[in-house]
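Read through the structure below, which is laid out as structure tokens, and then see the notes.
Chains as they are written, first to last, in my numbering: chain A, 1 to 122; chain B, 123 to 589; chain C, 590 to 698.
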């Protein structure tokens with residue numbers, strides 16, 4: 001089966017329809033909806049407290065460290081997929097190599113724990 | 123090859139040594155680790171082995187390059203100090219561990235057989251260097267240097283990878299010999315020529331030239347060298363450069379040699395441009411550290427010249443030059459660390475040429491070591507640097523790179539001018555530097571490097587016959 | 590069910606090359622023109638993803654898994670690079686409260 005560029009026309013139509021729908025609804029709500037401004041109405045939500053300062057306050061660096069560690073250890077999973085798919089073909093050699101790999105990761109993890117990075121209350 | 127495994131494990135061991143409350147053992151332990159790795163490396167001499175499904179190749183060439191890298195690292199570690207002075211913010215164990223890891227990357231860059239390993243090695247080396255550059259956390263200059271190095275390095279990696287992808291698309295192989303065979307057949311007209319291959323080669327060369335800081339991709343170098351802690355500047359300018367040129371040479375001489383007629387012009391002009399820009403700019407520098415940065419760019423130009431000539435002797439020329447350059451650079455930086463720490467201006471170490479004024483009066487050893495290293499970098503006879511330049515010029519002459527040769531000779535003359543600045547400052551000018559106390563191992567390193575520089579200058583065959 | 594490489598092969602190879610080249614160029618432009626470190630960083634990631642796409646396309650066209658393995662390594666290494674890069678950016682933010690590269694002029698560019 002060989003696709004021609006013209007076969008992708010429906011996608012283009014779909015894209016156009018999607019964008020047109022979004023634009024249309026946004027314009028429609030803008031025109032149709034009533035607009036009344038008052039001090040009370042423009043105020044922050046009733047049960048909220050007065051907002052102070054910038055919403056983008058820096059958060060504790062501990063979140064950052066945990067997030068980074070998560071990314072690092074999480075991505076290593078991708079090396080397990082090819083191994084898992086070819087588990088039988090790779091046999092014991094592959095298993096030992098994966099043990100070495102996971103062992104190195106584990107050493108890194110032990111280092112992280114001993115360094116106290118994951119201690120939340122310090 | 124075994125040295126890669128050993129160094130990785132030693133790096134981890136170093137991390138855990140940091141948990142002992144004894145910072146004194148870290149440096150001796152690291153030195154011992156590197157010496158052990160050096161021994162393992164030399165044990166591979168005269169063997170030709172492919173490792174890990176043709177991923178890495180160890181042969182005499184790789185053993186030689188690894189030796190140069192390990193010797194440079196050994197010297198840098200020997201002059202390292204001061205990590206432990208500031209108790210709160212310093213992590214000496216981590217710095218030594220990262221240095222060992224980065225050496226692993228460098229060794230992978232000289233032993234690679236597959237572009238995958240080149241990429242991994244390059245990244246291990248670069249990412250470690252980003253961390254080390256920014257290791258002076260409270261210092262804004264160090265921060266800025268780290269950010270610039272990181273952004274430029276990541277950008278260069280992206281370019282290199284796109285080149286790798288295009289070359290893979292054109293040749294269907296990541297193995298450097300596989301690519302080499304394809305390119306040679308290409309020349310014979312046995313397979314179709316695609317422009318993709320040329321674009322890929324171009325991008326790979328650009329990516330690697332970024333890493334070895336050749337013009338016009340050198341803009342990050344002075345800033346990063348100046349901002350990084352001096353000890354890591356010494357490490358960067360020796361190990362990274364050697365590994366980068368080894369990788370560039372291997373790629374160009376094995377994979378792309380079939381298209382020599384195409385890329386030679388690119389390198390021919392970039393080499394001349396690098397030499398001119400680096401040497402002329404270096405003349406105007408007031409800071410010794412910044413001058414050394416431009417000096418390292420200019421040495422990249424000289425090394426590029428022998429890579430361009432692509433002779434049979436190129437590999438030994440690169441090796442000899444890297445060795446001579448590494449030894450001299452480490453000596454120069456070692457003297458600079460001592461002098462600039464001794465003499466501060468506005469609370470910061472004074473890194474200008476003025477800091478060296480009157481050095482020879484009370485510190486004859488430091489002044490002599492500095493003078494010898496500067497003479498070697500300038501390429502004055504009776505030092506190792508002279509023979510390094512000599513071998514490179516003779517390679518270029520054999521290939522007939524006349525323009526490059528003329529530029530290189532002229533620029534060596536310019537180089538003499540700025541390399542003599544610190545010598546003149548230390549011997550001729552009046553200054554008030556008291557006697558600087560030097561630790562025994564530091565003194566020993568300075569003596570050894572100075573003797574090595576002169577010895578190689580008198581008898582280059584001592585190592586040239588091995589390379 | 591169609592195999593994934595077959596699906597990939599239904600689009601001509603040139604399209605992948607042009608698309609990746611376009612993505613790559615967008616990334617390069619971003620690196621060269623933007624001032625915010627995070628956005629430069631995202632542009633670099635875009636460049637790497639262009640490479641990944643290209644490698645995956647070549648890999649399935651040549652029926653050679655090496656290209657896809659390369660993609661895995663690029664992903665893993667990119668994650669490590671992200672970690673270090675963000676750490677550097679956070680370090681700078683702590684010192685000067687901004688990540689605009691224009692502020693960083695202590696060293697001449």
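The beta carbon of each residue, even a glycine, is placed where N, CA and C say it ideally should be.
Within 9 Å of the CB of residue 672 (chain C), the CB atoms of chain A belong to 68, 69, 71, 72, in sequence order along the chain. Interface flag for residue 75 (chain A) against chain C is set, since a Cβ pair is found closer than 9 Å. A residue is called buried when at least 16 other Cβ atoms come within 10 angstroms of its Cβ; residue 19 (chain A) does not meet this threshold and is exposed. Looking at the DSSP output, residue 236 (chain B) bridges to B:297. Pairwise C-beta distances place the segment 470-482 of chain B in contact with the segment 548-567 of chain B, as three or more of them are shorter than 8 Å. Rounded to whole angstroms, the gap between the alpha carbons of residue 65 (chain A) and residue 117 (chain A) is 7 Å.
Counting C-beta pairs with one atom in each stretch, the segment 392-408 of chain B and the segment 421-428 of chain B have three or more that are closer than 8 Å, which means they touch. DSSP links residue 171 (chain B) through a beta bridge to B:180. Around the Cβ of residue 30 (chain A), a 10 Å sphere holds fewer than 16 other Cβ atoms; the residue is exposed. In this chain, the alpha helix (DSSP H) harbouring residue 604 (chain C) covers 602-622. For secondary structure counted as the alpha helix (DSSP H) over 4 or more consecutive residues, the segment 234-273 of chain B holds these complete runs in sequence order: 237-255.
About 5 Å separates the beta carbon of residue 302 (chain B) from that of residue 376 (chain B), a gap short enough to meet the 8 Å contact definition. Residue 624 (chain C) counts as exposed, since fewer than 16 other beta carbons sit within 10 angstroms of its beta carbon. For a Cβ distance threshold of 9 Å, residue set 661, 662, 665 of chain C lies close to residue 79 (chain A), ordered along the chain. Contact with chain C is found for residue 64 (chain A), since one of that chain's Cβ atoms lies less than 9 Å from the residue's Cβ. DSSP, reduced to helix, strand and coil, places residue 409 (chain B) within a strand of the structure shown. Here residue 123 (chain B) is buried, its C-beta having at least 16 other C-beta atoms within 10 Å.
Within chain A, no residue has its beta carbon less than 7 Å from that of residue 492 (chain B); the closest one is some 39 Å off.
With a beta-carbon spacing of about 32 Å, residue 297 (chain B) and residue 343 (chain B) fall beyond the 8 Å limit used to define contacts.
By the CB criterion at 9 Å, residue 222 (chain B) and residue 136 (chain B) fall inside the cutoff.
At least one CB atom of chain B sits nearer than 9 Å to the CB of residue 111 (chain A). When C-alpha distances from residue 514 (chain B) are compared across B:537, B:444, B:428, the shortest belongs to B:428. Neighbours of residue 669 (chain C) across chain B, judged by C-beta separation under 7 Å: 249. For the segment 279-306 of chain B, residues whose beta-carbon sits nearer than 7 Å to a beta-carbon of chain C comprise 280, 283, 284, 287, 290, 291, 294, 296. Interface with chain C (9 Å Cβ-Cβ cutoff): residue 339 (chain B) is excluded.
At a C-beta separation below 8 Å, residue 679 (chain C) has these neighbours in chain A: 61, 64. Contact between residue 635 (chain C) and residue 616 (chain C) is confirmed by a C-beta separation of about 4 Å, below the 8 Å threshold. For the pair residue 582 (chain B) and residue 71 (chain A), the Cα-to-Cα distance works out to about 50 Å. Between residue 677 (chain C) and residue 219 (chain B), the C-beta gap is not smaller than 9 Å, which leaves the two residues out of contact.
CA-to-CA, the gap between residue 573 (chain B) and residue 194 (chain B) works out to about 15 Å. Here DSSP, grouped into helix, strand and coil, assigns residue 401 (chain B) to helix. Counting only runs of 4+ residues, the alpha helix (DSSP H) found wholly inside the segment 561-585 of chain B occupies 562-580, in chain order. Rounded to whole angstroms, the gap between the alpha carbons of residue 110 (chain A) and residue 24 (chain A) is 56 Å. Annotation for residue 627 (chain C): the continuous alpha helix (DSSP H) segment containing it runs 626-650. The straight-line gap separating the alpha-carbon atoms of residue 10 (chain A) and residue 641 (chain C) is approximately 28 Å. For a Cβ distance threshold of 9 Å, nothing in chain C lies close to residue 549 (chain B): the least Cβ distance comes to about 30 Å.
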